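Just below is one structure, and these are the notes that go with it.
Numbering (the working numbering), first residue to last: 166 to 246.
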């Protein structure tokens, strides 16, 4: 199993970890969450779930639209819905 396939297998756990980091509303935790999402994006693209991933990113961006620090980091890594 490739690293990307393994990451995709753990997709739900990674999303929970991302949510936990974002919910802390600390800039350093946003960096961790965005790094996880960048890896997960590549993994989801690898296994053909890129569209679903982007839909979830769009929902995350909407949910946290009041956190400019998070949004700018997502933009920096081209994580858009």
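Beta carbons are placed, not taken as given, at the ideal position from N, Cα and C, and that holds for glycine.
Here the structure is a predicted model, which is why all the values come from computation and not from measurement.
With a cut-off of 8 Å on Cβ pairs, the region 184-195 is not in contact with the region 211-220, counting fewer than three such pairs.
Between residue 207 and the set 170, 246 and 166, the nearest pair of CA atoms involves 170. Taking 7 Å as the cut-off, the beta carbon of residue 198 is found closer than this to the beta carbon of residue 187.
Just so you know, the alpha carbons of residue 201 and residue 237 end up roughly 16 Å apart.
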